[in-house]
Structure formats: C-alpha cells, structure tokens
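Novice: Here the sequence shown stands for residues 1 to 356, numbered as in full-length UniProt numbering.
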Amino acid sequence: MPIATRAFAATAADQPLRPHSFERRDPGPDDVAIEIKYCGVCHSDLHVVKNDLGGTHYPIVPGHEIAGVVTAVGANVARFKQGDRVGVGCMVDSCRTCSACREGLEQYCEPGMTQTYGSRDPKGQAVGQTITQGGYSDRITVDQAFVLKIPDSLPLDAAAPLLCAGVTTWSPLKTWGVGPGSKVAVIGLGGLGHMAVKLAAALGAEVTVLSTSDRKKADAERMGARHFLINSDAEAMKAAAEQFDLIINTVSATHEIASHVNLLARDGTMVMLGLTTEGLPVFAMPLLWRRRRIAGSLIGGIRETQEMLDFCGEHGIVCEIEVIAPDQINQAYERMERSDVRYRFVIDMGRMAATA
Ligand code: NAP
Ligand code: ZN
Ligand code: ZN
C-alpha cells in the first residue's frame, strides 16, 4: 500500500509554499521506509523554488537534509531496522556502474544522480509522479544504498543539516587535505559556512571567516574561527593577502571574487560551492603568478557522507539551528534571502499535523 505523505510544496516561482499531499512508494526489497522527523532548509531549496537555475518542475517539495526514523525495511535490507535513526541527503539513487559511482562519488554519476527532489524519477519515489519530491514531508522511501546512519550521540534536529551543509563542506576539506597547519578561509557565514568553520577547526586548521558585516563575528569565533574579516574592508583584505591554502566560498549570490583570489597562498585553491549562474570575472595574472586554482565541488558521495557523520558523532559537532513549524517556511525563506539565519532553519515535521 503506498504511503500517504503530507508535505509543503511550491506551485510556482512567485507563490508561497503550501500544504500538499501525495503518496510514497511502498518499500520494495531494497528500500527503507522513513518517518521524517526533521528537514533542514538549504539555500539550494530556495534557488529551486525560485527557479534561479531554470528547469524547476512544479509542484515541487524541496528538502534534502532529512533526519528521521525507520518504519519498515524490505526483505534484502540487513543494515537498517525499524526504529533506527537515519538520514537522507541530496541523492536517492545513481547508476552505480559508472566510474564515479564505483569510486563512491555518486554525486558525479555520469548519466546523472537522482536528486532527492526535482530529478526525473525512474523508480517512482513519489507515486504517479515523474519527478522526485523531497524532505519537506513526513514520509520518504529510499533505497538502502542512499540511507545514512545518524550516530546516537547527535540529536536528529541539529544533525539534519549535516546531510547537505555538512558533507558539502566536508568533501572539499578532505579533497584538499586540510589538517593541522592548514590555513583555511570561509567566505559567507551561513548554513554551509558555519559547518565549514566547525569542520575545518575540528580537523586542526587555522580558520578565518570572511563576512559582509561584523554581525556574526562573535559567533564565528565561538565556532572555532581564529580570525574574522569583513570582505569590503580593503585594508584588512590587503593585510590578509597570500595567506590561505584553501578558501571555501559559500556565497549564494553573484559577487566579486577577484580580491579574494589574492588571499590565496602559492598553490592555494578557492573552491566555489554557491550555485551562482552568472559569470564571475577572474583575472589570469593573480592565478598564474602564484599557481593558484579556482575549483568547484558538489555535495559529497555516500561513503564520505557517512564518514562525516561519524566524525561529527565522535567530535560532538552539530549544526546551529532554528527549529520552525512547516507553515513558517515562507518567512524562513525571506530571512534566508537577507542572510538572516543563525545558522540553519530546520523544519519540525512533528508539527505538520497542525499545519497541513
Ligand atoms: P545561506 O545559509 O543563505 O548562506 C549564504 C551566505 O552567503 C550568507 O549567510 C552570507 O554570509 C553570504 N552572502 C549572501 N549573499 C551575499 C552577497 N550578495 N555577497 C556576499 N556574501 C553574500 O546559504 P547556504 O545554504 O549556506 O548555501 C550557500 C550556497 O551554496 C547557495 O548558493 C546554495 O545553493 C549552495 N549550495 C551548494 C552545494 C554544492 O554542492 N556545491 C550544496 C549546498 C548548497 P555573510 O552573512 O557572512 O556575509
Ligand atoms: Zn543543500
Ligand atoms: Zn553512476
């Protein structure tokens, strides 16, 4: 029997999210059926709802920072059982045979991963629908290969955003070998940025935050940043030139990056994470003169997501969250657009009954 699901969905780019209902598939042999307890609100959800990237299919239920509890498992599922605390991130499937999938980098799947929401849906994630629907909902059924274990030491609400904000910042920190002695800068102290600070600091790096104002300075230092710069402060930017091995750029809008490139040390890399669609002017000279690089990174693979969750469990790292009811999502989006989030909204699905 398909599973009745209550959700919040966007019906058009200029419409508020509204209550919505649909059905999830009944678990097949490899599936895990999950009652969603909490779902984080990522800036990507807002980009998709507003059709910033183009190609959004409405109605769309966003949400890819899912934490919940297993309600049922299929016959082939041995790793999970009813009652387990689990997470689902940005992907619910991939081809599993291409070279990226074989390396555990399903996010770079060559034919394309199946994203948790908004992807063509070959396996009927949302019954009778052609695209996947995400975690602003109270139920989801996911193939066991894309379900993560949430360590017992982490509360489900504050762990939910680890499934995207956590792994998206963890992956480049690991790829670029951050550890004791590394100097890391994080641009933008939002959902991704605050996780980058905590994770980089826990890996032993000396962390600097670059922000648009000094409003978040005390928070940044509490999270583990040793230094804090306002990126419009030309003098401070000049003084910080040539210092960083890695810059994690989490800015969610088109912005000036040339002055930030000068902050990289020789062989340093700036990793772009923000989903900006307009061109960002970069000059060749500052790159070639110090063999600097500008790179990109997309979420993280399933294996590294579990590794990140386990690391957070061992180090007691969670997201700083503001818990909201499902019907507060539209105000949350307005605040996110003003960078007024400390530091992730998380929807409490237990409050769905009262609102949907
Ligand atoms: P967020 O919580 O809204 O944080 C973004 C931060 O960027 C803000 O807090 C602000 O930091 C800064 N910012 C915003 N507008 C700015 C502007 N015009 N100029 C300079 N700084 C600005 O967003 P998020 O959820 O962390 O996501 C950040 C970006 O990463 C989004 O574009 C999102 O879609 C993308 N993303 C990418 C991936 C991936 O796989 N690559 C995964 C998840 C999200 P301050 O207040 O400190 O200035
Ligand atoms: Zn996200
Ligand atoms: Zn693949």
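Positions of the beta carbon are idealized from the N, C-alpha and C atoms, including for glycine.
1) Identify, in the order they occur along the chain, each residue of the same chain with its Cβ nearer than 8 Å to the Cβ of I34, setting aside the five sequence neighbours on each side.
2) Anything with a beta carbon under 5 Å from a heavy atom of ligand 2 counts; list them all in chain order.
3) Using 8 Å as the threshold, is the C-beta distance between L46 and M336 below it?
4) List the whole-angstrom C-beta distance separating V61 from Q133, where the pair is believed to meet the contact cut-off of C-beta under 8 Å.
5) Would you list the one or two residues that DSSP bridges to F228?
6) I'd like to confirm something about I294: is its beta-carbon nearer than 7 Å to some heavy atom of ligand 1, or not?
7) Name, in chain order, the residues that DSSP records as bridge partners for P19.
8) What's the gap between the Cα of residue 361 and the Cα of I248?
9) Do E307 and R342 come within 8 Å of each other at the CB atom, strictly closer than that value?
10) Please name the residue, chosen from C39, H43, K81, that lies closest to D30 on a Cα-to-Cα basis.
11) Could you please give me the residues that DSSP links to M91 through a beta bridge?
12) With the cut-off set at 8 Å, would you say Q144 and R79 are in Cβ contact?
13) Would you kindly report the start and end of the unbroken beta strand (DSSP E) that includes M272?
14) Using the Cα positions of A4 and S21, report the straight-line distance between them to the nearest angstrom.
15) Just the Cα atoms here: how many angstroms apart are L173 and M1?
16) Would you call the segment 257-264 in contact with the segment 217-224, where contact means no fewer than 3 C-beta pairs closer than 8 Å?
17) Put L309 into one of helix, strand or coil per three-state DSSP.
18) Pair every Cβ in the segment 169-188 with every Cβ in the segment 202-219, then say whether three or more of these pairs are closer than 8 Å.
19) Give the range of the alpha helix (DSSP H) segment to which A201 is assigned.
20) Any idea if D93 is buried or exposed, counting beta-carbon neighbours within 10 angstroms, 16 or more meaning buried?
21) Could you pull the start and end residues of the beta strand (DSSP E) that D143 belongs to?
22) What did DSSP end up calling V49 once you bin it into helix, strand or coil?
23) To the nearest angstrom, how far is it from the Cα of C90 to the Cα of R6?
24) Once DSSP output is grouped into helix, strand and coil, what is the label at I329?
25) What separation, rounded to the nearest whole angstrom, lies between the Cα atoms of E334 and Y58?
26) Mind checking which residues open and close the alpha helix (DSSP H) that includes G166?
27) Output needed for P27: all residues of its chain with C-beta closer than 7 Å, excluding positions within five of it in sequence on either side, in chain order.
28) Select from L287, M352, N231 the residue whose C-alpha is nearest the C-alpha of I324.
29) Using the C-alpha atoms, what's the distance from V41 back to P281?
30) Span of the beta strand (DSSP E) holding L246?
31) Let me make sure I understand the geometry here. Which of Q243, L189, K216, S232 has the alpha-carbon closest to that of A205?
32) What is the rounded straight-line gap between the Cα of V167 and the Cα of K149?
33) Quick one, what's near ligand 3 if you take every residue whose CB is closer than 7 Å to any heavy atom, in chain order?
34) Measure the CB-CB distance between V346 and Y38 and report whether it falls below 8 Å.
35) Skipping 5 residues on each side, what residues in its chain have a beta carbon closer than 6 Å to that of A201?
36) Please name the residue, chosen from L105, D267, S297, T276, that lies closest to W289 on a Cα-to-Cα basis.
Specialist: Reading it off the structure:
1) Closer than 8 Å at Cβ, skipping near neighbours: I66, G68, V69, V70, T71, V86, V88, R139, I140, T141, V142, V147.
2) C42, S44, C164
3) Yes; because the gap between Cβ atoms is below 8 Å, this pair is in contact.
4) 4 Å
5) V209
6) no
7) DSSP output for P19 lists F8 as bridge partner(s).
8) Since the displayed the chain opens at 1 and closes at 356, residue 361 lies outside it and no answer follows.
9) no
10) K81
11) Q115
12) yes
13) 264-272
14) 7 Å
15) 43 Å
16) no
17) helix
18) Flag = yes, the segment 169-188 and the segment 202-219 touch.
19) 191-202
20) buried
21) 139-143
22) helix
23) 20 Å
24) helix
25) If you draw a straight line from the Cα of E334 to the Cα of Y58, it is about 20 Å long.
26) 165-175
27) A33, A72, V73, G74, T141
28) That would be M352, whose Cα lies nearest to the Cα of I324.
29) 30 Å
30) That run of the beta strand (DSSP E) goes 244-249.
31) Q243
32) 14 Å
33) S94, C95, R96, T97, C98, A100, C101, E106, C109, E110, P111
34) Between V346 and Y38, the C-beta spacing is below 8 Å.
35) V207, G224
36) D267
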